[in-house]
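S.K.: First the structure, which I've put down as C-alpha cells, then a few questions once you've had a look.
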Amino acid sequence: MGSVMIRVDESTRDDLTRVASEDLGGATADEAIRRLLAEHWQMKAIAALDAYRASDPEGWAEYVAEADREDQASASAADPWDEAA
C-alpha cells in the first residue's frame, strides 16, 4: 500500500503527534490515525447496540439469550466454567 499526503492544520498535526507519542507509545502518525479510526468504529458499534437495546428490549433479550446459548455450545468440554459458580 502506498503513501499519500493529506492536508491538515499545523495544530492538528501537532495534536496527532502528541497523542501518538504520549498516549500511543510513540506510534507513527499512520498508526495513530488507524487506532483512532478503530476506536471510532467501536464507539459507533457500541452506540448501535445501546440504541437496539433501548428501542427493542424484547429483541435485545432474545439476542442475549442466543449469544449465551452459542457461548455454552462452543465451550470446550475441558473448560472448568461452571454455570452454578
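Residue numbers (this note's numbering): 7 to 91.
Where a beta carbon is used, it is the ideal one built from N, C-alpha and C, also for glycine.
Does Thr-4 come out as helix, strand or coil in the three-state DSSP assignment?
M.R.: This structure cannot speak to residue 4, because the chain is shown only from 7 to 91.
S.K.: Is it buried or exposed, Ala-26, if we count other Cβ atoms within 10 angstroms and call 16 or more buried?
M.R.: For the purposes of this step, residue 26 is taken as residue 20 along the sequence shown, with counting starting at 1. It counts as buried.
S.K.: Let me confirm a value: Ala-71 is counted as buried when at least 16 other C-beta atoms fall within 10 Å, else exposed. Which label applies?
M.R.: Indexing the sequence shown from 1 puts residue 71 at position 65. Exposed.
S.K.: If we count the other Cβ atoms within 10 Å of its Cβ and call it buried at 16 or more, is Ala-51 buried or exposed?
M.R.: Here residue 51 refers to the residue found at position 45 of the sequence shown. The residue is exposed, with fewer than 16 neighbouring Cβ atoms inside 10 Å.
S.K.: Where does the unbroken alpha helix (DSSP H) through Asp-20 begin, and where does it stop?
M.R.: Indexing the sequence shown from 1 puts residue 20 at position 14. 16-28 is the extent of the alpha helix (DSSP H) around Asp-20.
S.K.: With Arg-41 and Ala-33 assumed to form a contact (beta carbons below 8 Å), what rounded beta-carbon distance in angstroms separates them?
M.R.: Here residue 41 refers to the residue found at position 35 of the sequence shown. Here residue 33 refers to the residue found at position 27 of the sequence shown. That pair is a contact at about 7 Å.
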